[in-house]
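Encoded as structure tokens, the structure appears first; notes follow it.
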Amino acid sequence: MGSETSEDREELNTYPHVADAADGERGKAFHAALEREEALKTIINNSQAVVFLWKNEEKRPAEFVSENVVNFGYAVEDFISGRILYGDIIHPDDLEKVKEGLEKRIRTGAPDFNMEYRIITKSRKIHWVNERTFIQRGQEGEVTHFQGVVLDITERKRSEEKLEKVLKMQKVLTTVINNSPAVVFLWKNEKYWPATFVSDNVVQFGYTVDDFASKGVLYGKIIHPADLKRVEEELERHIQKGEVSFNSEYRIFTKAGDLRWVNERTFIQREGDGKVICFQGIVLDITSRKKVEEALRKSLEMQKLLKTIINKSSAVAFLWKNVENWPVEFVSENVTQFGYTVENFTSGKILYGDIIHKEDINSVSESLARSIREGYDSFEMEYRIFTGDGDIRWVEERTYIQRDSDGTPAHFQGVVVDITERKEAQEMLEIQRELGVFLSTAWNLQTMLSRILDACLQIKEIDAGGIYLKDELLDQINLVAHRGLSSEFVRNISAYRVDSPEAKQVWTEKPIYKLSFFAEEMADMLRKEKITAVAVIPMKHRGEIIGSLNFASHTVDRIPQNVRNFLESVALQVVNYIAPIRIEADLI
Numbered sequence: 159m160g161s162e163t164s165e166d167r168e169e170l171n172t173y174p175h176v177a178d179a180a181d182g183e184r185g186k187a188f189h190a191a192l193e194r195e196e197a198l199k200t201i202i203n204n205s206q207a208v209v210f211l212w213k214n215e216e217k218r219p220a221e222f223v224s225e226n227v228v229n230f231g232y233a234v235e236d237f238i239s240g241r242i243l244y245g246d247i248i249h250p251d252d253l254e255k256v257k258e259g260l261e262k263r264i265r266t267g268a269p270d271f272n273m274e275y276r277i278i279t280k281s282r283k284i285h286w287v288n289e290r291t292f293i294q295r296g297q298e299g300e301v302t303h304f305q306g307v308v309l310d311i312t313e314r315k316r317s318e319e320k321l322e323k324v325l326k327m328q329k330v331l332t333t334v335i336n337n338s339p340a341v342v343f344l345w346k347n348e349k350y351w352p353a354t355f356v357s358d359n360v361v362q363f364g365y366t367v368d369d370f371a372s373k374g375v376l377y378g379k380i381i382h383p384a385d386l387k388r389v390e391e392e393l394e395r396h397i398q399k400g401e402v403s404f405n406s407e408y409r410i411f412t413k414a415g416d417l418r419w420v421n422e423r424t425f426i427q428r429e430g431d432g433k434v435i436c437f438q439g440i441v442l443d444i445t446s447r448k449k450v451e452e453a454l455r456k457s458l459e460m461q462k463l464l465k466t467i468i469n470k471s472s473a474v475a476f477l478w479k480n481v482e483n484w485p486v487e488f489v490s491e492n493v494t495q496f497g498y499t500v501e502n503f504t505s506g507k508i509l510y511g512d513i514i515h516k517e518d519i520n521s522v523s524e525s526l527a528r529s530i531r532e533g534y535d536s537f538e539m540e541y542r543i544f545t546g547d548g549d550i551r552w553v554e555e556r557t558y559i560q561r562d563s564d565g566t567p568a569h570f571q572g573v574v575v576d577i578t579e580r581k582e583a584q585e586m587l588e589i590q591r592e593l594g595v596f597l598s599t600a601w602n603l604q605t606m607l608s609r610i611l612d613a614c615l616q617i618k619e620i621d622a623g624g625i626y627l628k629d630e631l632l633d634q635i636n637l638v639a640h641r642g643l644s645s646e647f648v649r650n651i652s653a654y655r656v657d658s659p660e661a662k663q664v665w666t667e668k669p670i671y672k673l674s675f676f677a678e679e680m681a682d683m684l685r686k687e688k689i690t691a692v693a694v695i696p697m698k699h700r701g702e703i704i705g706s707l708n709f710a711s712h713t714v715d716r717i718p719q720n721v722r723n724f725l726e727s728v729a730l731q732v733v734n735y736i737a738p739i740r741i742e743a744d745l746i
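For reference, each letter of the sequence shown is one residue, going 159 to 746 in my numbering.
Written out as structure tokens, the structure reads:
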């Protein structure tokens, strides 16, 4: 509005009351405008929105800025004085983006500009802002100013970043879960636990998410009936105890009807008053583990059975290292039959080579070395060992040679069987064979009797013996040959009348192996002679007792069964040679 003209003044002077009225209206309007301006300034300065008026020049120098620019640590004077240009506070990494964005809007004739970017506060902190600017143009369309509002959106950006991270993590977790064997469920605390959520990987059990979400399938209904009651009771027990979690293993049916073992780990969710509202859990397929556990259980049962069988058998199992004298890594408990304990060997106190008989150790070593050298997988040999008590036993070893990847023998896995009785039986058979050959060519009775005693005394369990023959002419029985007895004892037992109590007690048709069988007088003589075991075997020819083989031991307390069998067999063998010569001797 220009200055007043003379006409105007004249007109006002002509109508003074009109002029006064006009001045009053103007004053009111002016005051109202000032009040509105103050109100707007107050509102703006108390808000987060900082108002700027920038010139269209490099880095946008400010002609006006609201006082609340102090929110960024700056004063109005910083910008109005030109000490700080607005472009100086834009983050260097965003400055070019802001410039290009604004220039593009100017080129396209757009009336405004809107962008989010970072600024640097006076305390050198970084804030995110949203700029909304009106582009002011002159009469020729040239841009003269930018009138804008800068809003601090740092908190919103942080929230968005947090949300983005949460969503990203949620996406990662969803991907991880759906690609894992663990199925995530959210169940209601209702009968059969209807599911309000289930992860996509429930397809591994043949079901879809919709099967559970639609309530077409209730989780409790897929649990094996034989397990359901137990699961219900366990869960209820955890709830009543106020516990926050539940863990159980049970079987479920897949959609195809197959059975799977699962492990459920569940968090029990409660309201403030403790009332259970739902269950959040993970169900993991453990069928493979259960199969392994079942196989392991059966294997352990079989191992236990085999261990029992081995420990009750005569076969002692060993695992030896391929080192000098064969240290033992394992030995079965039945090694006690040799007078040793497992600990004796596994502790290294005793090496297996230490118990092999000194006369056999070299042949065992050489035979094993030859088997290894010639590439055999096994080794077999018979040799003697010493027991823990110092006795000698014959054993048969059957061993598998274990080689490493280079073919070098590392261990020997074998079984050692006590064959002492078999060896003794072979020895006894050989004694009988040799005795039979001798008797078949001998005709002298005393020579025969001596050879019989010598043959039988080769058995280690007996160390004394005598042979009685019946003398029909004198009606008595006589000791006709003996070994290992004292002269006094021989004198006392050299002859008995056939009808004497001693003869009747001893002269029976059945072998005698008990000291308690004898009368007190004879028993007393046996004690004085320090005899600890006896064997009295009648010799019967054509239905008549013609004599007896009597043997004794000063070392064992009983005659073993295999020795008894041997002596009884010898008695049957020799009577056919003795009887004819005895009869011939009587006739002469």
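Just so you know, even glycine gets a beta-carbon here, dropped at the ideal spot from N, CA and C.
Since the structure is predicted, the reported quantities are computational estimates derived from the model, not experimental observations.
In the structure shown, Phe676 falls within a coil segment according to DSSP collapsed to helix, strand and coil. The beta carbon of Arg409 is closer than 8 Å to those of Ile381, His382, Ala384, Asp385, Leu417, Arg418, Trp419 and Val420 in its chain, skipping five residues each way along the sequence.
Under the three-state reduction of DSSP, Arg388 is assigned to helix.
The closest CA to that of Ile739, considering only Leu597, Ile651 and His303, is found on Leu597.
When secondary structure is reduced to three states using DSSP, Ala527 falls in the helix class.
Here Val694 is bridged, per DSSP, to Ile670 and Asn708.
Between the beta-carbon of Arg556 and that of His515 there is about 18 Å, and that puts the pair past the 8 Å contact cut. As far as DSSP is concerned, Leu243 takes part in no beta bridge.
Contact between Ala737 and Ile704 holds: CB atoms are separated by about 6 Å, below the 8 Å threshold. Around the beta carbon of Ala453, fewer than 16 other beta carbons sit within 10 angstroms, so the residue counts as exposed.
Partner residues in a beta bridge of Lys323, as assigned by DSSP, do not exist. Looking from the CA of Glu221, the closest CA among Thr690, Phe230, Val486 and Phe210 belongs to Phe210.
Excluding sequence positions up to five before and after Asn272, its CB lies within less than 8 Å of the CB of Asn288, Glu289, Arg290 and Thr291, all in the same chain and listed in chain order. The beta carbon of Gly511 is closer than 6 Å to those of Asn483 and Trp484 in its chain, skipping five residues each way along the sequence. By the criterion of at least three beta-carbon pairs nearer than 8 Å, the region 648-663 is not in contact with the region 714-726. When the Cα atoms are used, Phe363 and Leu442 turn out to be separated by approximately 11 Å.
Arg551 and Lys686 have their alpha carbons spaced roughly 32 Å apart.
Taking 8 Å as the cut-off, the beta carbon of Glu619 is found closer than this to the beta carbon of Ser711. Assignment of beta strand (DSSP E) within the region 380-465, counting only whole runs of 3 or more residues, yields 403-411, 417-428 and 434-443 in chain order.
In this structure, the beta-carbon distance from Ile426 to Phe404 falls below 8 Å. Counting C-beta pairs with one atom in each stretch, the region 585-602 and the region 559-575 have fewer than three that are closer than 8 Å, which means they do not touch.
DSSP, read as helix, strand or coil, puts Lys516 in coil. DSSP places Ala661 within a helical segment (H, G or I) once states are collapsed to three. Going by beta carbons, Ile670 and Val694 fall inside the 8 Å limit. Under the Cβ criterion (8 Å, minimum of three pairs), the region 605-622 counts as touching the region 634-649. If you look at Ala340, you'll find it in the beta strand (DSSP E) that goes Ala340 to Lys346. Rounded to the nearest angstrom, the gap between the Cα atoms of Ser490 and Glu407 is 37 Å.
Cβ neighbours of Val714 within its own chain (closer than 7 Å, five residues either side excluded): Glu619, Thr690 and Ala691.
The alpha-carbon separation between Ile293 and Gly259 amounts to approximately 13 Å. Under DSSP, the beta-bridge partners assigned to Tyr275 are Val287. DSSP, read as helix, strand or coil, puts Arg700 in coil.
In the assembly as shown, Leu458 is an exposed residue. Its beta-carbon has fewer than 16 other beta-carbons within 10 Å. Taking 8 Å as the cut-off, the beta carbon of Val575 is found closer than this to the beta carbon of Glu554. For Val256, the CB contacts under 7 Å within the same chain, skipping 5 residues up- and downstream, are Ile248, Met273 and Tyr275 in chain order.
Taking the CA atoms as reference points, Asp246 sits about 10 Å from Glu216. In this structure, His699 keeps its C-beta atom at 8 Å or more from the C-beta atom of Val732.
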